[in-house]
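See structure below.
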DNA sequence: AAATTTGTTAACCAAATAGTTAAACCGTAT
DNA sequence: ATACGGTTTAACTATTTGGTTAACAAATTT
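Protein chains in written order, with our numbering: chain Z, 449 to 651; chain B, 449 to 651.
Structure (structure tokens):
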């Protein structure tokens, strides 16, 4: 059946495009390079995706679709707050190892295209902070954690987990270690970060 | 004296280049756009800076020269640890308001050009973590803070301060607030972040 | 004030790059 | 076999873009 072959080529292109776009960004990516990586003629890119812009949007959407569930692990999950922070921190490292350039790619392109946010927000499955806010105010009421705004806590959790990857080259230089040692530091963070956060908020 | 005029044109170009490069990155920036912003002919860019690459490097160097002292406020400063954390957090927001795209620019271009790190490291005034390490181990010995690796604490401080700006469009969408409210959140962080960190490590 | 050096511009060039076209290919149904 | 559909390619086009050139302008030196 030709459908199988079509799907193969199409996903082949998408996979190649993911690699190139995530590594070099929209502006730095070259259609020819994507075609080469997918081992097809450049015209095929346009046959399947019409334009660079549309191919890029397909990649971006796919990237965000992968990232959203990670964020939802903090925002929408019924488990106990501390347990949740521990699990998210633990999981996030593994996620980034599987998709090293993805979070940075999403953040960068959002910075360069703030109007994308509008599109994303309108789609279903866009993570919402509402549940998390309730959980935090409950935990405060029950005397489990010190008073803190849910927004601030959320930003702290995300910052502590995402930035060490985005800022890797800078942090590696500042901390003055090589790639191997830096990876060890990141591995340590799997547990360290959660304890750092919990230490700060628990009563 | 023509020197004055030359300096004006040269810095005019550099300022325009800073704006464009920091906003769009090396790959996304256009020499013509820089020339337009500097209100000069495109050939003048090459007269003063030879190539896009060299102009970019001048901008990058200048950006890092501005960023380094900020980092040194955490790493090399004799003041009391808690006071230092409080002051850095307070100052950093003001710094980023003055140079909104600078930290992200530096980090992005380092990600795309990891070999830049080598050049930066070899220059004097590159921030070193040594003093900070001593300060932390002293504080632990003296029972002021709980045991923590200096590297981890440093990464935490930097992450909590820098990421909220780099991830602004994403965080704004996730936290579900408009620009104005997000700015208020950032202003709150001037004090909140320091207390969050100190809470976590103090005994 | 003539000559020389420095600063600036318009016009141009070559390479890179996104996108198009028309023909070839290839499996499937007639 | 052959006509037909979707798939793939080589060759091409138009535009963008970094960079150059040669002439002009303005200041500096002699």
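Using N, Cα and C, we set each Cβ at its ideal position, and we do this for glycine too.
One alpha carbon belongs to residue 624 (chain Z), the other to residue 609 (chain Z), and they sit about 20 Å apart. Looking at the backbone, the Cα of residue 632 (chain B) and that of residue 645 (chain Z) are separated by about 22 Å.
If you draw a straight line from the Cα of residue 626 (chain B) to the Cα of residue 620 (chain B), it is about 7 Å long.
The beta-carbon of residue 481 (chain Z) is placed no less than 8 Å from the nearest beta-carbon of chain B.
Taking a 10 Å sphere around the C-beta of residue 641 (chain Z), we find 16 or more other C-beta atoms and assign the residue as buried.
By the Cβ neighbour-count rule, residue 566 (chain Z) is exposed, with fewer than 16 other Cβ atoms within 10 Å of its own. Residue 588 (chain B) has no beta-bridge partner at all, per DSSP. When DSSP assignments are scanned along the stretch 568 to 631 of chain B, the uninterrupted stretches of alpha helix (DSSP H) that are 4 or more residues long and fall wholly within it turn out to be 578 to 589, 598 to 614 and 616 to 623. Residue 638 (chain B) is positioned such that its CB atom lies closer than 8 Å to that of residue 541 (chain B). With fewer than three CB-CB distances shorter than 8 Å, the stretch 523 to 536 of chain B does not count as touching the stretch 593 to 600 of chain Z. DSSP places residue 549 (chain B) outside any alpha helix (DSSP H), giving it a letter other than H or E.
Under the three-state reduction of DSSP, residue 487 (chain Z) is assigned to coil, being neither helix nor strand. Rounded to the nearest whole angstrom, the CA to CA distance from residue 615 (chain Z) to residue 463 (chain Z) is 25 Å. Contact with chain Z is absent for residue 544 (chain B), since none of that chain's Cβ atoms lies less than 8 Å from the residue's Cβ. Here residue 648 (chain Z) is buried, its C-beta having at least 16 other C-beta atoms within 10 Å.
Per DSSP, residue 521 (chain Z) has no beta bridge partner at all. Contact residues of the stretch 593 to 605 of chain B toward chain Z are 599, 600, 602, 603 and 604 (C-beta to C-beta distance below 7 Å). Proximity of chain B to residue 621 (chain Z) at the Cβ level (cut-off 7 Å) is accounted for by 565, 568 and 569, in chain order. Taking each of Z:636, Z:587, Z:515 and Z:628 in turn and checking the Cα distance to residue 527 (chain Z), the smallest one comes out for Z:587. Taking 7 Å as the Cβ-Cβ cut-off, the stretch 499 to 513 of chain Z has no residue approaching chain B.
At a C-beta separation below 9 Å, residue 631 (chain B) has no neighbours in chain Z, since its nearest C-beta there lies roughly 13 Å away. One Cα belongs to residue 581 (chain Z), the other to residue 553 (chain B), and the distance between them is close to 33 Å. Below the 9 Å Cβ cutoff, chain B contributes 643, 644, 645, 646, 647, 648 and 649 as neighbours of residue 648 (chain Z), in chain order. Close partners of residue 460 (chain B) in chain Z (Cβ separation under 9 Å) are lacking, with about 25 Å as the shortest Cβ gap. Distances from the CA of residue 556 (chain Z) to each of B:494, B:472 and B:519 were compared; the closest alpha carbon is that of B:472.
Pairing residue 459 (chain Z) with residue 492 (chain Z) gives a Cβ-Cβ distance that is not under 8 Å. Using a Cβ-Cβ cut-off of 8 Å, residue 591 (chain B) does not count as an interface residue toward chain Z, since no Cβ of chain Z sits closer than that to its own.
Non-local C-beta neighbours of residue 612 (chain Z) in its own chain, meaning closer than 7 Å and more than five positions away in sequence, comprise 619, 634 and 637, ordered along the chain. Listed by position along chain Z, the residues whose Cβ is nearer than 7 Å to that of residue 640 (chain B) are 600.
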